[in-house]
Amino acid sequence: MDVLAALGVGFVHVFQPVNLGALFVGLVLGLLVAVLPGLTLVMGVVLALPFTYTMQVTPAIILLTAMYVSGTYAGAWTSILFHVPGEPIDVPMLWDGYAMARKGEAAKALGWTLTAALVGGLAAATVMVALAQPVASIALTFSTPEYFAIIFFGLASVVSLGGASLANALVSLFAGLLIATVGVDDTYGAHRFTFGVPILSDGIDYLIVMVGAFGLGEVFVRMEQRFTSAPLESVDKVTTRLPSLREAGAVKGTYARGCVLGILLGIVPGAGATVASFLSYGVEAQYGRRKEKMGSGIPEGIVAPQSAATASVGGAMIPLITMGIPGSGAPAIILGAFLLHGLQPGPQVFET
Amino acid sequence: MRSAFARALPYAAVGAIAAWLFFEATRFEFHRRAGTLGPDAWPKLVLALLVGVCVYEIARIFFSPRHSGGAVGVLQELIGQSAPAPGEAAEVAPPTRLLHLAGGVGLTALYVWVIQRLGFPLATAPYLFVFIALGGYRRWLVNAAVSGIGTLAMMFFFMKVVYVSLPIGTEPFAQVTIALMRLMGVR
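Top to bottom, those sequences are chains A and B.
Here the first sequence is numbered in the numbering used here, starting from 1 and rising by one per residue.
Here the second sequence is numbered in the numbering used here, starting from 353 and rising by one per residue.
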């Protein structure tokens, strides 16, 4: 009952003009960064972060989360229409989304994408609302050993699941841990790796590391690749055509599988929307009712990756809000926004 | 063999830095208490593991070159197996420019070093100009305009709108920053 009451209060807050404005701006910005070549979703969230400095915490979090959600959706447009994925999340859209567009059904493909994002987002939000408080209640009973175990599990899964090179993943992990040790030690007052630089005595702020790793890191990667982007050709006017209820009902199993996979993979640290999108497509190709037709431009090939990608957002928010553990890039920046506004996500969030 | 050296070089560099930091960690000044871990324990453990990973990777590059890609993440491997690419031509990776990348990283390190001395505007505008040029954009007038206007816009946004203090710099460069702040109405 408390959850429903809190949800009601949340709805009231969202419909306040400032928050509604932040939601709208966040959705539009998320769509833009996902579509524009050279801008990734995480980089977009990083770029939007300074604009939230003067905001209240509620619209700031709404803006960044809205960007995160809509960013998982809009990249599919360029995959379907131009055969150019806006984000790695959208690569599976090339296989059935583009194939459907080539059959002259681009509007329908966009419609399937929209409904998949809608269903995935709603399902994940429902699960997040339902689970956040119970998980936080359990987390409140945690002590140091439990937190150590959770952090250890999180770091281990990031390394084992995420990286294309285990050595690089481990180097990143240890570099991150090392950065956390810089500054004056709380217990002994010893200066660790400060090298006589006063500013380092306070340690290196989490947000600075995030912006450096995800913002500047992305720029360096693009620089290494000569800032090249695939050219986009113009297409005729395309409008989104939603599937009928009967058509949507025919693939309800795909919606359900995509949502479940997306939420679960969103919760797992290191997995995130891209892995959810690929795996959901793979599961559909292996176990789906029309698995032999996957890749030929069927709705299942669009619904599976899109619903999973968007559902992963809600999944990722569960460990972020209840334990303060971000599972991937965008939640890490959103965690930074929480900290920036003086809020420490974790089980105590529901107590305050 | 030359390519093996090139692949091993980053790990050698990281390993060497980690070894140096390990040495630094042995010189932390504190009063050790019996029965407790000191403030040097975790950094030393992390650095030792980091050196270990680098040594392992270098050894793997030279002694097991066929096992080239390293251990692929579990889910990434599953993705590779499960995601078909019907009718897809293999993606051609764009050519990489390691020298430009190194230049960009070096330039950024230099920027961090000079910004406290030159102040935000005098350090940022040239940094943006050179960075954009290094990225391959060679329309100098546009480049200069973007760098200059971009710097002033950021300065205005951070100092006037969101009240984030930026480095003013040391004399005589601080006078330029202060003059710009006056022009923008920043007190």
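Note that beta-carbon positions come from the ideal geometry of N, C-alpha and C, so glycine has one too.
Computed from a prediction, not measured in an experiment: that's the story for all the values here.
Mapping DSSP to helix, strand and coil, what is A/V3? Walking along the first sequence from the start, residue 3 of chain A turns up at place 3. Helix, per DSSP.
List, in order along the chain, the chain B residues whose C-beta lies closer than 8 Å to that of A/M67? Residue mapping note: residue 67 of chain A aligns to position 67 of the first sequence, counting from 1. Result: empty, since nearest Cβ-Cβ is about 18 Å, beyond 8 Å.
Whose C-beta lies closer than 7 Å to the C-beta of A/G342 among residues of the same chain, with five residues either side of it excluded? Position 342 of the first sequence, counting from 1, holds the residue named residue 342 of chain A. Answer for A/G342: no residue qualifies.
Among B/F375, B/W394, B/G455, which one has its Cα closest to the Cα of B/A485? Numbered from 1 along the second sequence, position 133 holds the residue referred to as residue 485 of chain B. Ranked by how close their Cα comes to the Cα of B/A485, the residues B/F375, B/W394, B/G455 have B/G455 in first place.
Any contact of the region 480-496 of chain B with the region 253-261 of chain A, i.e. 3+ C-beta pairs under 8 Å? Because the criterion of three Cβ pairs below 8 Å is not met, the region 480-496 of chain B and the region 253-261 of chain A do not touch.
Would you kindly check if the distance between the Cβ of A/G183 and the Cβ of A/D202 is under 8 Å? Working through the first sequence from its first residue, we reach residue 202 of chain A at position 202. Working through the first sequence from its first residue, we reach residue 183 of chain A at position 183. For the pair A/D202 and A/G183, the CB atoms are nearer than the 8 Å cut-off.
Three or more beta-carbon pairs under 8 Å between the region 61-72 of chain A and the region 322-336 of chain A, yes or no? Inter-segment contact for the region 61-72 of chain A and the region 322-336 of chain A is present: three or more beta-carbon pairs are separated by less than 8 Å.
Cβ shell of B/V398 (< 6 Å), same chain only, five flanking positions each side left out: One-based indexing of the second sequence puts residue 398 of chain B at position 46. Closer than 6 Å at Cβ, skipping near neighbours: no residue.
Using alpha carbons as the reference points, say which of A/H83, A/S79, A/V18 lies closest to A/T389. An answer regarding residue 389 of chain A cannot be provided, because it is not within the stretch 1 to 352 covered by chain A.
Between the region 380-392 of chain B and chain A, which residues of the former have a C-beta closer than 9 Å to a C-beta of the latter? Cβ proximity to chain A below 9 Å picks out F380, E381, F382, H383, R384, R385, T388, G390, P391, D392 from the region 380-392 of chain B.
Any C-beta of chain A under 8 Å from that of B/W492: The sequence position of residue 492 of chain B within the second sequence is 140, counting from 1. Judged by the 8 Å Cβ criterion, B/W492 is not in contact with chain A.
Return the Cβ separation of B/R469 and B/T522 in integer angstroms, given the expectation that the two are a contact with Cβ distance under 8 Å. The count along the second sequence starts at 1 and reaches residue 469 of chain B at position 117. The count along the second sequence starts at 1 and reaches residue 522 of chain B at position 170. Right, their Cβ atoms sit about 5 Å apart.
Under 8 Å (Cβ pairs) to chain B, residues found in the region 198-221 of chain A: Listed in sequence order: L216, V219, F220.
Which runs of the beta strand (DSSP E), 3 residues or longer, sit entirely within the region 177-244 of chain A? Qualifying beta strand (DSSP E) stretches: none in this window.
Please work out which residues of its chain come closer than 6 Å, Cβ to Cβ, to A/E137, disregarding the five sequence neighbours upstream and downstream, and give them in chain order. Here the question's residue 137 of chain A lines up with position 137 in the first sequence. Here residue 137 of chain A turns out to be Ser, not Glu, going by the sequence shown. Closer than 6 Å at the Cβ level, and outside the excluded window around A/S137, lies no residue.
Through-space distance from A/V251 to B/P438, alpha-carbon basis: Counting from one through the second sequence, the residue named residue 438 of chain B turns up at place 86. Counting from one through the first sequence, the residue named residue 251 of chain A turns up at place 251. Because the pLDDT of B/P438 is 49, which lies under 50, any placement of that residue in the model is unreliable, and the question is left without a value.
Does A/A304 come out as helix, strand or coil in the three-state DSSP assignment? Translated into positions along the first sequence, residue 304 of chain A becomes position 304. A/A304 falls in the helix class under three-state DSSP.
Looking only at its own chain, which residues have a Cβ that is under 6 Å from the Cβ of A/S307, when we skip the five neighbours before and after it? The sequence position of residue 307 of chain A within the first sequence is 307, counting from 1. Residues of the same chain with a CB within less than 6 Å of the CB of A/S307, apart from the 5 flanking positions on each side, are A116, V119, G120, Y255, G258, C259 in chain order.
Listing by chain order, which chain A residues have their CB less than 8 Å from the CB of B/P395? The count along the second sequence starts at 1 and reaches residue 395 of chain B at position 43. Neighbours of B/P395 in chain A, taken as residues at a C-beta separation under 8 Å, are given in chain order as L178, T181, R192, F193.
Using the beta-carbon of each residue, which ones in chain A are nearer than 9 Å to B/T529? Residue mapping note: residue 529 of chain B aligns to position 177 of the second sequence, counting from 1. Neighbours of B/T529 on chain A: none; closest Cβ ~18 Å, over 9 Å.
For B/V457, which residues in chain A fall below 8 Å Cβ to Cβ? Taking the first residue of the second sequence as 1, we reach residue 457 of chain B at position 105. In chain order, F220 make up the part of chain A whose C-beta sits under 8 Å from the C-beta of B/V457.
I'd like to know if A/P50 contacts chain B, where contact means its C-beta is closer than 8 Å to some C-beta of that chain. What you label residue 50 of chain A is simply residue 50 of the first sequence in a count that begins at 1. So yes, A/P50 belongs to the interface.
Taking the beta carbon of B/W372 as the centre, do at least 16 other beta carbons fall within 10 Å, making it buried, or is it exposed? Here residue 372 of chain B is taken as the residue at index 20 of the second sequence, counted from 1. Exposed, because fewer than 16 other Cβ atoms sit within 10 Å of the Cβ of B/W372.
Secondary structure of B/F382, DSSP reduced to three states: What you label residue 382 of chain B is simply residue 30 of the second sequence in a count that begins at 1. It is coil, neither helix nor strand.
DSSP-derived helix/strand/coil call for A/S296: Stepping through the first sequence from its first residue, residue 296 of chain A is reached at position 296. When DSSP states are grouped into helix, strand and coil, A/S296 belongs to the coil group.
Can you list, in chain order, the residues of its chain whose CB lies under 7 Å from that of A/L339, leaving out five sequence neighbours each side? Within the first sequence, numbered from 1, the residue matching residue 339 of chain A stands at position 339. Y206, L207.
Of all the alpha helix (DSSP H) runs that stay within the bounds of the region 483-528 of chain B, which reach a length of 4 or more residues? For the region 483-528 of chain B, whole alpha helix (DSSP H) runs of length 4 or above, ordered along the chain, are 492-508.
As a quick exercise: from A/A149, A/G217, A/V129, pick the residue whose alpha carbon is nearest that of A/S172. Residue mapping note: residue 172 of chain A aligns to position 172 of the first sequence, counting from 1. Residue nearest to A/S172 within the set A/A149, A/G217, A/V129 is A/G217 (criterion: CA-CA distance).
Give a yes or no on whether the minimum CB-CB distance between A/M317 and chain B is below 8 Å. Taking the first sequence and counting its residues from 1, one reaches residue 317 of chain A at position 317. In terms of beta-carbon proximity, A/M317 stays away from the interface with chain B, with every pair separated by 8 Å or more.
Presumed contact (8 Å Cβ cut-off) between A/A271 and A/A309, rounded CB distance: Working through the first sequence from its first residue, we reach residue 271 of chain A at position 271. Working through the first sequence from its first residue, we reach residue 309 of chain A at position 309. Actually they do not touch by this definition, with Cβ atoms about 11 Å apart.
Please report the residue range of the alpha helix (DSSP H) in which A/Y68 lies. On the first sequence, position 68 is the one that residue 68 of chain A refers to. Where A/Y68 is concerned, the enclosing alpha helix (DSSP H) stretches over 57-82.
Ignore the nearest five residues each way along the sequence and tell me which others in A/A101's own chain have a CB closer than 7 Å to its CB. Taking the first sequence and counting its residues from 1, one reaches residue 101 of chain A at position 101. Around A/A101: I80, L81, A109.
In chain order, what residues of the same chain have a beta carbon less than 8 Å from the beta carbon of A/L279, not counting five sequence neighbours either side? The sequence position of residue 279 of chain A within the first sequence is 279, counting from 1. The beta carbon of A/L279 lies closer than 8 Å to those of L261, L265, A308 in the same chain, with the five residues before and after it left out.
Considering Cα atoms alone, identify which of A/A285, A/M210, A/R192, A/V283 is closest to B/A393. Here residue 393 of chain B refers to the residue found at position 41 when the second sequence is read from its first residue. When only C-alpha atoms are compared, the closest one is A/R192.
Backbone CA spacing between B/P478 and B/I501 [nearest angstrom]: Residue mapping note: residue 478 of chain B aligns to position 126 of the second sequence, counting from 1. Residue mapping note: residue 501 of chain B aligns to position 149 of the second sequence, counting from 1. Between B/P478 and B/I501, the C-alpha separation is close to 12 Å.
What does the alpha-carbon distance come out to for the pair A/T113 and A/P347? Taking the first sequence and counting its residues from 1, one reaches residue 113 of chain A at position 113. Taking the first sequence and counting its residues from 1, one reaches residue 347 of chain A at position 347. About 35 Å.
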